Amino acid sequence: MRAVAIIGAGSTPFGKLEGRGIVELAVSACRDALAESRAPREKIQAFYLGNFVGERLASQGALAGLVANRLGLTGIPATKVEGACASGGIALRHGVLGIALGLYDFVLVAGVEKMTSSPTAEVTAALATAGDEEGEMRTGLTFPGAFAIITREHMARYGTTREQIGLVSVKNHGLGASNPKAQFRKPVTLDEVLSSRLIADPLRLFDCPPISDGAAAVVLCPAEWARDFHPKPVRVLGSGHATGPATLWEMDDITSFPATVRASREAYGMARLSPGDVRVAEVHDCFTMAEIIATEDLGFFPKGKGGPAVEKGETGPDGQVAVNPSGGLIAKGHPVGATGCAQVYELVKQLRGEAANQVRDVEIALAHNLGGTGVVSTVTILGRM
Amino acid sequence: MSKVITLQAFFEEARAGRLTGIRCGRCGELAIPPKEFCPACQERAWEPLPLDGRGTIASFTVIRVPPRGRAAEAPYAVAVVRLDEGVSLLGRIVDIPLDALKVGLPVRFRPLVRDNQTVVGFGPTV
Ligand SMILES: [Zn+2]
Numbered sequence: 000m001r002a003v004a005i006i007g008a009g010s011t012p013f014g015k016l017e018g019r020g021i022v023e024l025a026v027s028a029c030r031d032a033l034a035e036s037r038a039p040r041e042k043i044q045a046f047y048l049g050n051f052v053g054e055r056l057a058s059q060g061a062l063a064g065l066v067a068n069r070l071g072l073t074g075i076p077a078t079k080v081e082g083a084c085a086s087g088g089i090a091l092r093h094g095v096l097g098i099a100l101g102l103y104d105f106v107l108v109a110g111v112e113k114m115t116s117s118p119t120a121e122v123t124a125a126l127a128t129a130g131d132e133e134g135e136m137r138t139g140l141t142f143p144g145a146f147a148i149i150t151r152e153h154m155a156r157y158g159t160t161r162e163q164i165g166l167v168s169v170k171n172h173g174l175g176a177s178n179p180k181a182q183f184r185k186p187v188t189l190d191e192v193l194s195s196r197l198i199a200d201p202l203r204l205f206d207c208p209p210i211s212d213g214a215a216a217v218v219l220c221p222a223e224w225a226r227d228f229h230p231k232p233v234r235v236l237g238s239g240h241a242t243g244p245a246t247l248w249e250m251d252d253i254t255s256f257p258a259t260v261r262a263s264r265e266a267y268g269m270a271r272l273s274p275g276d277v278r279v280a281e282v283h284d285c286f287t288m289a290e291i292i293a294t295e296d297l298g299f300f301p302k303g304k305g306g307p308a309v310e311k312g313e314t315g316p317d318g319q320v321a322v323n324p325s326g327g328l329i330a331k332g333h334p335v336g337a338t339g340c341a342q343v344y345e346l347v348k349q350l351r352g353e354a355a356n357q358v359r360d361v362e363i364a365l366a367h368n369l370g371g372t373g374v375v376s377t378v379t380i381l382g383r384m
Numbered sequence: 000m001s002k003v004i005t006l007q008a009f010f011e012e013a014r015a016g017r018l019t020g021i022r023c024g025r026c027g028e029l030a031i032p033p034k035e036f037c038p039a040c041q042e043r044a045w046e047p048l049p050l051d052g053r054g055t056i057a058s059f060t061v062i063r064v065p066p067r068g069r070a071a072e073a074p075y076a077v078a079v080v081r082l083d084e085g086v087s088l089l090g091r092i093v094d095i096p097l098d099a100l101k102v103g104l105p106v107r108f109r110p111l112v113r114d115n116q117t118v119v120g121f122g123p124t125v
């Protein structure tokens, strides 16, 4: 397999982007990514676009073809990829495979979502389609509800405290405050988190991500040519993609996502690296507890030790592994289909030394994207070259 | 035998008040439909197994921000229930005050019908 590199990355800000439609958002991120790389647009041979709820919330299907046309890429194969909130990560995976296997030399990958034009109840219902409708969601379960059930179990089993969980939100809001791409630009205190409105007990408003619009994109090519197209290319060292149980009642242990464990094993194996090598990670903190579980499933901390690690600052910018220096989904925002690509955008900036909250001495970075309550996950390991 | 492994049949039985699991005829693995193949041994040799419907709450939440169409029902509780037979099932809590809910609370299966769809519910044991 050929080594793959990222030679351009672009992103819109995340937030309530009024007056900008779903196609325009995707086009904007792609244009920025293409402009960064010196690869002429006509070299792009394939386009993969991650999107989850565009048909339902933006009434727009055939999205990949529409965006390719608008970019002047008419003629190339354009594919929309859907895997709930992991759609962007899966799109990237397909772009990487296309180049690694020698099918293409230049691929454009993006993710996009337009959510803020819809009422909250409609967004909640649309996101709930990532669950097993017949087997579980019909009870009235929501995504915050599912993660609330998981949170309670993690607290009961490992003694994880409400304060430790709230500190994830404090950390991520603090970092989001200094990321110009973030939706929330204001720090919050632990008191504010713990007294915010209950959404699904024990999860409160500040345990959840906002409803967001946004898009992110990257340009890929074989690593051996990468320096011709960008002065600071980023190498894709490992890529993992795996599935897991779709419902809570099918999981042997609801405090761990087998899809994350499997995807990370694949990515670490391909990169010949271990969790201890990772200096910075953008993980899927769709809820505060999801970040704690991710840091355990990815092997940064032993099972049950993710809560104390937050409390000790091990996941802060100067900790053992800097987790979500962008502010994460909770503060930067979570335009669901865009998230997987946006995580990689942030890590490309970290590896180039250009990030808003730059972590020191970054050689190895990891992106973790999760769909549903763990039905699918992707893990991408990136390195400087 | 093929009847019980479809979700439709599972809910038809549930609507009549009968909770039905499936047991693998080859390795004995117990599951709740729908499963085409045994996750433990990959065989497709399911036998229906009536479940008693009694269990305890393993974890739960109270939904305060409901999805579209359920505003009138909120707040309501949803729980993962560990059935006495050893399998888990997710269901809507009915007729138990929200402030009485706790992990380990004994509950019993009861069907709920909403918009002509059957939903798994759990209520008090007596
Ligand atoms: Zn079996």
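Top to bottom, those sequences are chains A and B. Everything in the first sequence is counted per numbering that gives the first Met the number 0, starting at 0 for the first residue and increasing by one. Everything in the second sequence is counted per numbering that gives the first Met the number 0, starting at 0 for the first residue and increasing by one. For each residue, glycine too, the CB sits at the ideal point set by N, CA and C. Note that the structure is predicted; figures quoted are calculated from it, not measured.
With contacts defined by Cβ atoms closer than 9 Å, residue 22 of chain A and residue 66 of chain A form a contacting pair.
Check the Cα spacing between residue 341 of chain A and each of A/76, A/43, A/228 and A/218: the tightest is with A/218. If you draw a straight line from the Cα of residue 9 of chain B to the Cα of residue 122 of chain A, it is about 30 Å long.
Within chain B, not a single residue places a beta-carbon under 8 Å from that of residue 257 of chain A; the smallest gap is close to 12 Å. Positions of the beta strand (DSSP E) runs, each at least 3 residues long and wholly inside the region 213-261 of chain A, are given as 213-221 and 233-242 in order along the chain.
The secondary-structure analysis by DSSP pairs residue 107 of chain A across a beta bridge with A/46 and A/218.
Those residues placing their Cβ nearer than 6 Å to any heavy atom of ligand 1 are, following chain order, B/23, B/25, B/26, B/28, B/37, B/39, B/40 and B/42. The shortest C-alpha to C-alpha distance from residue 25 of chain B to any of B/17, B/40 and B/86 is the one to B/40. Residue 19 of chain A places its beta carbon less than 9 Å from that of residue 212 of chain A. Of the other Cβ atoms in all chains shown, 16 or more fall within 10 Å of the Cβ of residue 183 of chain A; this residue is therefore buried. Counting only runs of at least 4 residues, the region 300-372 of chain A fully encloses the following alpha helix (DSSP H) elements, listed from N- to C-terminal order: 305-310, 327-331 and 338-351. Listed along chain B, the residues sitting closer than 8 Å to residue 200 of chain A by beta-carbon distance are 60, 61 and 63. From the listed residues B/42, B/99 and B/18, the smallest Cα separation to residue 75 of chain B is found for B/99.
The region 44-58 of chain A makes contact with the region 104-115 of chain A; the number of CB pairs closer than 8 Å reaches 3 or more.
Classified as buried, residue 137 of chain A has 16 or more neighbouring CB atoms from the shown chains inside 10 Å of its CB.
Restricting attention to A/228, A/274 and A/163, the CA atom closest to the CA of residue 32 of chain A is found in A/228. When Cβ-Cβ separations below 9 Å define contact, residue 144 of chain A makes contact with chain B. Not a single CB atom of chain B sits nearer than 9 Å to the CB of residue 57 of chain A. Residue contact with chain B for residue 135 of chain A: present (Cβ-Cβ distance below 9 Å to some residue of chain B).
For residue 59 of chain B, the uninterrupted beta strand (DSSP E) run begins and ends at 53-62, by DSSP.
Close to residue 41 of chain B, with beta-carbon spacing below 8 Å, lies no residue of chain A; the smallest spacing is near 16 Å. Taking 9 Å as the cut-off, the Cβ atoms of residue 4 of chain A and residue 221 of chain A count as close. For residue 112 of chain A, the secondary structure class from DSSP, reduced to helix, strand or coil, is strand. In the three-state reduction of the DSSP assignment, residue 138 of chain A falls in the helix class, which pools H, G and I. For residue 161 of chain A, no chain B residue has a Cβ inside 9 Å of its Cβ, as the nearest lies near 14 Å away.
The straight-line gap separating the alpha-carbon atoms of residue 13 of chain A and residue 7 of chain B is approximately 42 Å.
Each residue's CA atom was taken as its position, placing residue 302 of chain A and residue 57 of chain B some 19 Å apart. Between the C-alpha atoms of residue 313 of chain A and residue 140 of chain A there is a straight-line separation of about 33 Å. In this structure, residue 193 of chain A sits near residue 161 of chain A, with a CB-CB distance shorter than 9 Å.
Residue 299 of chain A is a Cβ neighbour of residue 320 of chain A, given a cutoff of 9 Å.
A straight line joining the alpha-carbon of residue 243 of chain A with that of residue 255 of chain A spans about 10 Å. If one requires a minimum length of 3 residues, the beta strand (DSSP E) runs lying completely within the region 147-212 of chain A are 197-199, in chain order. With respect to residue 73 of chain A, residue 90 of chain A sits apart: the two C-beta atoms are not nearer than 9 Å. Within the region 185-199 of chain A, those residues whose Cβ lies closer than 9 Å to any Cβ of chain B are, in chain order, 196, 197, 198 and 199. Selection A/57, A/43, A/53 and A/80 evaluated against residue 71 of chain A yields A/43 as nearest (Cα-Cα).
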